[in-house]
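Using the UniProt record's numbering, you'd call the opening residue of the sequence shown number 1 and step up by one each time. We put the CB at the ideal spot given by N, CA and C, even for glycine. Shown next, in structure tokens, is the structure this report addresses.
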Amino acid sequence: MNIFDHYRQRYEAAKDEEFTLLEFLTICRQDRSAYANAAERLLMAIGEPVMVDTALEPRLSRLFSNRVIARYPAFEEFYGMEGRH
């Protein structure tokens, strides 16, 4: 395979697909991310939050004033770093 064939393959793989309106609406019905904006797609990639009641943990209650906060599993390794120096 020469360089032009390689370039042609990469171009064909990256080329946008065209859909009819009916095909697009069918895709949207099946997959909500098809018409989601960038912020919505980012939230879908991060995942659903786990709600944490900070009133149950003394250290967290001081930091968050006994509020319920959202903790995202994608950022599990960052949870608890609020009080570290």
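Pick from the options: whose alpha carbon is nearest that of residue i?
{"i": "R32", "options": "E23, L21, M44", "result": "M44"}
{"i": "Y72", "options": "C28, D16, L42, Y11", "result": "L42"}
{"i": "A14", "options": "Q30, H6, V68", "result": "H6"}
{"i": "A46", "options": "R59, E12, E76", "result": "Here residue 46 is Ile; the residue named in the question, Ala, does not match the sequence. Of the candidates R59, E12, E76, the one whose C-alpha sits nearest the C-alpha of I46 is E76."}
Provide the residue span of the beta strand (DSSP E) that contains residue i, from first to last.
{"i": "D5", "result": "No beta strand (DSSP E) holds D5; the alpha helix (DSSP H) holding it covers 3-14."}
{"i": "R41", "result": "Not the beta strand (DSSP E): R41 falls in the alpha helix (DSSP H), residues 38-46."}
{"i": "R71", "result": "68-71"}
{"i": "D53", "result": "50-53"}
Looking only at its own chain, which residues have a Cβ that is under 6 Å from the Cβ of residue i, when we skip the five neighbours before and after it?
{"i": "A55", "result": "S61, N66"}
Starting from the C-beta of residue i, find all residues in its chain whose C-beta is less than 7 Å away, skip the five residues before and the five after it, and write them out in chain order.
{"i": "M51", "result": "V68, A70"}
Just reading off the alpha helix (DSSP H) that residue i is part of, what are its end residues?
{"i": "T64", "result": "At residue 64 the sequence reads Phe, which differs from the Thr that was named. Residues 58-64."}
{"i": "F24", "result": "21-30"}
To the nearest angstrom, how far is it from the Cα of residue i to the Cα of residue j?
{"i": "R10", "j": "E48", "result": "35 Å"}
{"i": "R29", "j": "T20", "result": "14 Å"}
{"i": "L63", "j": "E57", "result": "10 Å"}
Tell me whether residue i is buried or exposed, calling it buried when 16 or more other Cβ atoms sit within 10 Å of its Cβ.
{"i": "E18", "result": "exposed"}
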